[in-house]
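Remarks on the structure that follows.
There are 2 protein chains.
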Amino acid sequence: MAVKKMKIGLCGLGTVGSGVFNVLTRNAELIAARAGCEVTVTHIGARRDNPNADTSNVKVSRDIFAVVNDDEIDVVVELIGGTTVAKDLVLQALSNGKHVVTANKALIAECGNEVFEVARNNNVTVAYEAAVAGGIPIIKALREGLAANRIEWLAGIINGTGNFILTEMGDKGRAFDDVLKEAQELGYAEADPTFDVEGIDAAHKLVILASLAFAMPLEVEKIFTEGISKLETRDVDYAAELGYRIKHLGIARKTDAGVELRVHPTLIPKDRLIANVDGVMNAVMVWGDAVGPTLYNGPGAGSEPTASAVIADVVDLARLLSAADDSEGKGITCVPTMGFVPEAIKEQPVLPIEAVETAFYLRLTAEDKPGVMSDITQIFSAAGISIEALVQKEPTTGEATVPVIMITNKTREGNMLAAIEQIASLPVVQGEVVRIRVESLG
Amino acid sequence: MAVKKMKIGLCGLGTVGSGVFNVLTRNAELIAARAGCEVTVTHIGARRDNPNADTSNVKVSRDIFAVVNDDEIDVVVELIGGTTVAKDLVLQALSNGKHVVTANKALIAECGNEVFEVARNNNVTVAYEAAVAGGIPIIKALREGLAANRIEWLAGIINGTGNFILTEMGDKGRAFDDVLKEAQELGYAEADPTFDVEGIDAAHKLVILASLAFAMPLEVEKIFTEGISKLETRDVDYAAELGYRIKHLGIARKTDAGVELRVHPTLIPKDRLIANVDGVMNAVMVWGDAVGPTLYNGPGAGSEPTASAVIADVVDLARLLSAADDSEGKGITCVPTMGFVPEAIKEQPVLPIEAVETAFYLRLTAEDKPGVMSDITQIFSAAGISIEALVQKEPTTGEATVPVIMITNKTREGNMLAAIEQIASLPVVQGEVVRIRVESLG
Numbered sequence: 000m001a002v003k004k005m006k007i008g009l010c011g012l013g014t015v016g017s018g019v020f021n022v023l024t025r026n027a028e029l030i031a032a033r034a035g036c037e038v039t040v041t042h043i044g045a046r047r048d049n050p051n052a053d054t055s056n057v058k059v060s061r062d063i064f065a066v067v068n069d070d071e072i073d074v075v076v077e078l079i080g081g082t083t084v085a086k087d088l089v090l091q092a093l094s095n096g097k098h099v100v101t102a103n104k105a106l107i108a109e110c111g112n113e114v115f116e117v118a119r120n121n122n123v124t125v126a127y128e129a130a131v132a133g134g135i136p137i138i139k140a141l142r143e144g145l146a147a148n149r150i151e152w153l154a155g156i157i158n159g160t161g162n163f164i165l166t167e168m169g170d171k172g173r174a175f176d177d178v179l180k181e182a183q184e185l186g187y188a189e190a191d192p193t194f195d196v197e198g199i200d201a202a203h204k205l206v207i208l209a210s211l212a213f214a215m216p217l218e219v220e221k222i223f224t225e226g227i228s229k230l231e232t233r234d235v236d237y238a239a240e241l242g243y244r245i246k247h248l249g250i251a252r253k254t255d256a257g258v259e260l261r262v263h264p265t266l267i268p269k270d271r272l273i274a275n276v277d278g279v280m281n282a283v284m285v286w287g288d289a290v291g292p293t294l295y296n297g298p299g300a301g302s303e304p305t306a307s308a309v310i311a312d313v314v315d316l317a318r319l320l321s322a323a324d325d326s327e328g329k330g331i332t333c334v335p336t337m338g339f340v341p342e343a344i345k346e347q348p349v350l351p352i353e354a355v356e357t358a359f360y361l362r363l364t365a366e367d368k369p370g371v372m373s374d375i376t377q378i379f380s381a382a383g384i385s386i387e388a389l390v391q392k393e394p395t396t397g398e399a400t401v402p403v404i405m406i407t408n409k410t411r412e413g414n415m416l417a418a419i420e421q422i423a424s425l426p427v428v429q430g431e432v433v434r435i436r437v438e439s440l441g
Numbered sequence: 000m001a002v003k004k005m006k007i008g009l010c011g012l013g014t015v016g017s018g019v020f021n022v023l024t025r026n027a028e029l030i031a032a033r034a035g036c037e038v039t040v041t042h043i044g045a046r047r048d049n050p051n052a053d054t055s056n057v058k059v060s061r062d063i064f065a066v067v068n069d070d071e072i073d074v075v076v077e078l079i080g081g082t083t084v085a086k087d088l089v090l091q092a093l094s095n096g097k098h099v100v101t102a103n104k105a106l107i108a109e110c111g112n113e114v115f116e117v118a119r120n121n122n123v124t125v126a127y128e129a130a131v132a133g134g135i136p137i138i139k140a141l142r143e144g145l146a147a148n149r150i151e152w153l154a155g156i157i158n159g160t161g162n163f164i165l166t167e168m169g170d171k172g173r174a175f176d177d178v179l180k181e182a183q184e185l186g187y188a189e190a191d192p193t194f195d196v197e198g199i200d201a202a203h204k205l206v207i208l209a210s211l212a213f214a215m216p217l218e219v220e221k222i223f224t225e226g227i228s229k230l231e232t233r234d235v236d237y238a239a240e241l242g243y244r245i246k247h248l249g250i251a252r253k254t255d256a257g258v259e260l261r262v263h264p265t266l267i268p269k270d271r272l273i274a275n276v277d278g279v280m281n282a283v284m285v286w287g288d289a290v291g292p293t294l295y296n297g298p299g300a301g302s303e304p305t306a307s308a309v310i311a312d313v314v315d316l317a318r319l320l321s322a323a324d325d326s327e328g329k330g331i332t333c334v335p336t337m338g339f340v341p342e343a344i345k346e347q348p349v350l351p352i353e354a355v356e357t358a359f360y361l362r363l364t365a366e367d368k369p370g371v372m373s374d375i376t377q378i379f380s381a382a383g384i385s386i387e388a389l390v391q392k393e394p395t396t397g398e399a400t401v402p403v404i405m406i407t408n409k410t411r412e413g414n415m416l417a418a419i420e421q422i423a424s425l426p427v428v429q430g431e432v433v434r435i436r437v438e439s440l441g
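Those protein sequences? They're chains E and D, same order as listed. For the first sequence, numbering that gives the first Met the number 0 gives the first residue as 0, with consecutive numbering after it. For the second sequence, numbering that gives the first Met the number 0 gives the first residue as 0, with consecutive numbering after it.
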């Protein structure tokens with residue numbers, strides 16, 4: 000493929016900018032194997048250095064416009080935020096014939112129609128996966144993965160700060176103001192929390208999702224927005240008593256009469272998956288006429304989660320540019336069939352199950368007499384296996400045996416099998432020892 | 000764009016085939032606006048008709064090989080299943096220079112390495128989004144959305160039949176055999192349920208996910224597989240007592256010693272989102288080094304959910320072929336920035352919030368004396384609003400008022416506001432009426 004090296008100009012080196020730089024550096028080889036070409040930051044525009052990013056091998060300009068005017072750059076990554084300087088920067092980059100990747104939801108929501116038109120006129124692309132729901136590839140799901148569907152509605156927890164506050168109010172009965180203060184101390188919320196708690200940030204994201212779903216222009220001013228700042232803890236509690244949880248949802252729904260676009264606190268039946276998305280996590284639920292309901296969940300903000308989305312856009316561009324530059328190919332195999340270029344796919348050792356480490360659930364049937372538990376636990380202790388939980392059930396009337404249930408900590412399966420064999424051979428243990436693996440998935 | 004019409008040859012007209020045909024027909028206009036060209040089934044190969052699909056306007060051949068040898072076809076959609084005839088068919092299509100879209104997990108898992116090589120040699124693509132987790136765009140997420148990440152592990156509920164059985168065992172204390180029989184009657188499970196309940200189907204899907212995650216060849220024989228047929232209801236119950244739910248997971252994890260590839264019943268802490276994915280729904284959780292945890296949830300099987308994934312692949316191809324054939328463009332804007340071609344994006348009426356219909360949570364403070372509830376409910380009744388739940392709390396000692404909490408059914412917001420105004424003006428009601436919208440998201 001002709002594009003051997005894609006050159007990135009990075010504008011902004013704050014939380015997300017340093018994340019993008021660090022992930023592109025750390026995973027350079029892996030990303031090249033996925034993209035089909037090297038992807039390298041060759042020019043950074045930032046007013047100041049960031050101690051979290053070692054940029055000593057890269058050209059750094061204090062004037063960010065030097066990056067968009069750098070002839071060598073293929074793609075400009077805009078991570079300075081806001082709708083003033085960022086807008087000028089993006090428009091200049093597009094006019095210079097450079098592709099733009101941005102995480103800037105305010106820019107897309109408020110100026111997207113104009114920005115996209117400039118991009119079209121210059122035959123370049125603006126990509127913005129990171130603008131909604133951080134690391135969750137929700138833009139890609141709506142634009143591509145669900146392309147067969149008439150989208151009927153979507154609903155999202157698309158502001159992590161707000162969801163953190165609601166989760167704390169619900170789980171611990173804390174008041175809004177109290178949790179907000181903590182969120183600010185933890186760096187989740189800005190000194191001026193209006194954007195997050197009054198739903199403005201969520202409205203920016205919702206208008207992008209709604210436009211993608213319903214083929215309508217970006218018009219953020221049409222969104223009905225109600226914040227969570229007036230929500231009382233007792234209402235969160237009463238809702239729970241009635242079987243609901245309260246989430247700050249962005250909802251877009253197509254009806255015969257018109258489109259609903261609204262951000263507000265919402266009661267959701269507590270058995271819905273999205274009602275159980277807690278803390279700073281985001282989730283978007285989409286209902287398509289063919290697929291029915293799908294849900295996408297993950298971190299909605301943060302340095303490397305947002306970087307993950309930014310770089311996904313960069314890789315998309317790298318694959319397309321490589322394919323377009325490939326005079327031999329037809330330009331149709333730009334996403335490698337197995338995700339990596341064929342040369343990168345290698346035989347790898349697969350562990351036999353005996354070498355796999357997991358925790359275990361065990362159930363056995365033991366005689367109901369003294370010393371039994373001691374015999375069992377001694378075997379585990381000798382094998383270096385510790386017991387996290389142990390329940391001995393009451394014997395059923397007339398039975399001389401009781402079920403004993405245990406959860407162990409992690410150990411190699413081979414080690415566990417040997418210990419179980421010893422336990423099963425104890426005279427006080429009857430029948431087989433039932434064994435199910437445990438994963439925390441944390 | 001040059002490709003004005005993409006011609007699809009559909010092989011197989013069973014459950015999924017009829018779904019693909021029906022969705023492509025029903026959503027033809029919308030799909031064209033997303034793909035940038037018409038996408039039409041022009042030739043169907045099927046041994047018999049399907050009463051669920053009206054194919055009277057399409058050429059139908061009883062010999063499915065007539066489809067792959069039809070010179071007019073751009074893309075062959077293989078939905079006959081299995082690894083014998085389907086393999087011959089796919090290889091013939093690729094040799095004929097046609098792109099292939101398939102939902103056939105057994106074919107990809109068992110013959111993928113060979114099939115993909117033939118595709119590469121013929122400079123065409125094999126797409127298989129529908130092969131794993133039905134309508135959930137998980138292949139796209141792994142190949143593209145998470146391309147920045149070193150995948151550390153993934154874990155999925157990737158067999159809906161098995162998950163239905165486990166959910167019933169857990170929720171209703173039913174025995175495995177009993178639920179399996181019902182699943183067979185409902186059409187969720189085959190007459191020979193081995194593929195589903197012994198984890199073979201899950202292993203097929205897991206090897207595809209693992210290859211995408213870790214850049215390794217498809218080697219399904221290396222997967223450790225343990226089914227759910229020996230699982231006892233009492234273990235599901237004991238696990239629940241200890242705070243866990245049991246799911247049949249496919250797990251792939253990269254460790255320093257090697258890759259873990261395993262399908263087995265697994266205890267998961269019950270507060271994990273994936274532990275709450277119930278019934279025939281699927282979910283895949285992926286942990287990437289940059290993004291952390293993301294989760295993808297939706298229907299893992301069924302006619303139109305699977306069709307949704309098949310058509311997503313078709314649209315990807317249509318966009319790429321249109322862009323590649325576009326002599327004026329650079330072939331880099333193949334996915335429209337806002338998901339639809341610019342001409343399709345139209346101003347649409349947005350409903351004012353007063354016209355939006357939702358259910359409501361209400362809380363008010365009322366004097367604790369007879370007749371109060373009657374006054375309130377009469378106002379709602381006159382407004383055509385019915386009350387789904389009503390809780391009157393006990394008065395706090397010394398207080399003459401009590402909180403009253405209600406959940407109403409759906410009504411227009413304007414109607415609700417008028418009713419609330421009347422209620423707030425009742426002499427027995429004090430202060431404001433708190434109002435939060437309710438969505439069932441069902």
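For each residue, glycine too, the CB sits at the ideal point set by N, CA and C.
- For the stretch 120-144 of chain D, the set of positions with a beta-carbon nearer than 7 Å to some beta-carbon of chain E reads Asn122, Thr124, Val125, Gly134, Ile135, Pro136, Lys139, Ala140, Leu141, Arg142, Glu143 and Gly144 in chain order.
- Rounded to whole angstroms, Ile137 (chain E) and Arg244 (chain D) show a C-alpha spacing of 28 Å.
- Distance from the CA of Glu366 (chain D) to the CA of Ile378 (chain D), rounded to the nearest whole angstrom, comes to 17 Å.
- Residue-level contact by beta carbon fails for Thr232 (chain D) and chain E, as no gap is shorter than 8 Å.
- Using a CB distance cut-off of 8 Å, Gln183 (chain D) does not count as an interface residue toward chain E.
- In this structure Asp315 (chain D) is buried. Its beta-carbon is surrounded by 16 or more other beta-carbon atoms within 10 angstroms.
- Met5 (chain E) is outside the set of residues whose beta carbon lies under 8 Å from a beta carbon in chain D.
- For the stretch 35-48 of chain D, the beta-carbon criterion of a distance under 7 Å to any beta-carbon of chain E is satisfied by none of its residues.
- Not a single CB atom of chain E sits nearer than 8 Å to the CB of Pro426 (chain D).
- Spatial neighbours of Cys110 (chain D) in its own chain (CB-CB distance under 7 Å, excluding positions within 5 residues in sequence) are listed in chain order as Thr82 and Lys86.
- Residues of chain E with a Cβ closer than 8 Å to the Cβ of Arg61 (chain D) do not exist; the shortest Cβ-Cβ separation is about 27 Å.
- When the beta-carbon positions are compared, Thr254 (chain E) and Glu438 (chain D) stay at least 8 Å from each other.
- Only Leu211, Phe213, Ala214, Met215, Pro216, Lys221 and Phe223 from the stretch 211-225 of chain E bring a Cβ to less than 7 Å from some Cβ of chain D.
- In this structure, the alpha-carbon of Leu93 (chain E) lies about 8 Å from that of Val125 (chain E).
- In the DSSP assignment, Tyr187 (chain D) falls outside any alpha helix (DSSP H), carrying neither H nor E.
- Cα atoms of Ile344 (chain E) and Ala214 (chain D): separation of roughly 5 Å, rounded to the nearest angstrom.
- Rounded to whole angstroms, Tyr237 (chain E) and Leu230 (chain D) show a C-alpha spacing of 39 Å.
- Residue nearest to Ser60 (chain E) within the set E:His42, E:Val371, E:Arg362 and E:Thr407 is E:His42 (criterion: CA-CA distance).
- Counting C-beta pairs closer than 8 Å gives fewer than three between the stretch 31-47 of chain D and the stretch 426-438 of chain E, which falls short of the contact rule.
- Residues of the stretch 257-271 of chain D with a C-beta atom less than 9 Å from some C-beta of chain E are Gly257, Val258, Glu259, Leu260, Arg261, His263, Pro264, Thr265, Leu266, Ile267, Pro268, Asp270 and Arg271, listed in chain order.
- Rounded to the nearest whole angstrom, the C-alpha separation of Thr407 (chain E) and Ala388 (chain E) is 7 Å.
- Nearest to Ala154 (chain D) by alpha-carbon distance, out of D:Asp234, D:Met284, D:Gly338 and D:Glu218, is D:Met284.
- When 8 Å is used as the limit between beta carbons, Arg244 (chain E) is near no residue of chain D, the shortest such separation being about 11 Å.
- Residue burial annotation: Leu260 (chain E) is buried, with at least 16 other C-beta atoms found within 10 angstroms of its C-beta.
- For Asn414 (chain E), DSSP assigns no beta-bridge partner whatsoever.
- Per DSSP, Asn21 (chain D) is one residue of the alpha helix (DSSP H) stretching across Thr14 to Arg25.
- Within the stretch 356-370 of chain E, the residues whose Cβ lies closer than 7 Å to some Cβ of chain D are Tyr360 and Arg362, listed in chain order.
- The alpha carbon of Leu208 (chain E) has as its nearest neighbour, out of E:Phe20, E:Val235 and E:Val258, the alpha carbon of E:Val258.
- Between Ala108 (chain D) and Val178 (chain D), the beta carbon gap of about 27 Å keeps them out of contact (Cβ cut-off 8 Å).
- Per the Cβ contact rule, the stretch 155-165 of chain D is not in contact with the stretch 112-130 of chain D (fewer than 3 Cβ pairs under 8 Å).
- Its Cα nearest to that of Trp286 (chain E), the residue E:Arg252 stands out among E:Ala190, E:Arg252, E:Arg25 and E:Arg233.
- Annotation note: the stretch 75-108 of chain D contains the following uninterrupted alpha helix (DSSP H) runs of length 4 or greater, listed N- to C-terminal: 84-94.
- The DSSP assignment places complete alpha helix (DSSP H) segments of no fewer than 4 residues inside the stretch 386-434 of chain D at 412-423, in order along the chain.
- When the Cα atoms are used, Gly134 (chain E) and Ala105 (chain D) turn out to be separated by approximately 31 Å.
- Boundaries of the beta strand (DSSP E) around Ala358 (chain E): Glu356 to Glu366.
- Listed in chain order, the positions of the stretch 288-309 of chain E with a beta carbon within less than 7 Å of a beta carbon of chain D are Ala289, Val290, Gly291, Pro292, Thr293, Leu294, Tyr295, Asn296, Gly297, Pro298, Glu303, Pro304, Ala306 and Ser307.
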